[in-house]
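As structure tokens, the structure follows; a few thoughts come after it.
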Amino acid sequence: MPAYDPTNIFARILRGEIPNKTVLETEHTLAFYDIAPKAPVHVLVIPKGAYVTYDDFAAHASEAEIVDFHRAVAHITRELGLDMETGQGFRAITNAGEHGLQEVPHFHLHILGGHPVGPLVA
Ligand code: 5GP
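Going by the working numbering, the sequence shown opens with residue 16, and the numbers climb by one from there.
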């Protein structure tokens with residue numbers, strides 16, 4: 016696992032150095048709108064801890080952080096009307112490393128919805 020780079024843009028957002036449009040903030044998690052949305056609804060969910068990729072987070076975060084993160088995802092999809100009770104669904108993806116075309120080296124989940132997102136291609 017590469018070392019965490021504390022100068023990455025999401026670390027700067029977490030430190031309040033760069034503004035964001037917050038959707039939800041909890042003890043361990045921050046969610047905000049993507050600056051260049053790829054769908055009518057495009058939210059990024061990040062842990063506040065310093066994790067580079069999903070596998071880094073899953074392996075090293077505390078259970079409290081992991082539960083908080085996933086509960087935040089559920090809360091956001093419900094609040095934004097994307098969940099299957101009130102809406103028409105969503106896609107949640109994470110890009111990791113070079114092959115995943117990860118741009119920002121702080122683990123984040125993309126929540127995409129508001130229209131049919133099309134087939135998953137790789
Ligand atoms: P990745 O390719 O790393 O999975 O995705 C990074 C995402 O972060 C991209 O969708 C990009 O638009 C978004 N992004 C990059 N810089 C900023 C920023 O300063 N603010 C916000 N809200 N999103 C950003």
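All residues carry an ideal CB built from backbone N, CA and C; glycine is no exception.
Could you spell out where the beta strand (DSSP E) holding residue i opens and where it closes?
i, result
"R106", "105–108"
"I61", "56–62"
"L124", "124–128"
Measuring alpha carbon to alpha carbon, tell me which of the options ends up nearest residue i.
i, options, result
"T109", "I28, H125, P131, A46", "H125"
"N23", "V136, G128, G129, Q117", "Q117"
"Y66", "A137, G112, V136", "G112"
"S77", "G64, F47, T101, V88", "G64"
Which partner residues of residue i appear in the DSSP bridge assignment?
i, result
"E40", "L45"
Suppose contacts are defined by Cβ-Cβ distances below 8 Å. Is residue i in contact with residue j by that definition?
i, j, result
"V60", "H123", "yes"
"V119", "F25", "yes"
"L127", "R106", "yes"
"I91", "V58", "yes"
"H130", "P17", "no"
"A79", "H43", "yes"
"G96", "G104", "no"
Could you check if residue i is buried or exposed, using at least 16 other CB atoms within 10 Å of its CB as the buried criterion?
i, result
"D71", "buried"
"L29", "buried"
"L45", "buried"
"H121", "buried"
What residue does the alpha helix (DSSP H) around residue i start on, and which one ends it?
i, result
"D70", "69–75"
"I50", "Note, I50: premise wrong, no alpha helix (DSSP H); not H, not E."
Please decide whether residue i counts as near chain D, where near means a Cβ-Cβ distance under 8 Å.
i, result
"T101", "In summary, chain D is missing from the structure at hand, where a single protein chain is found."
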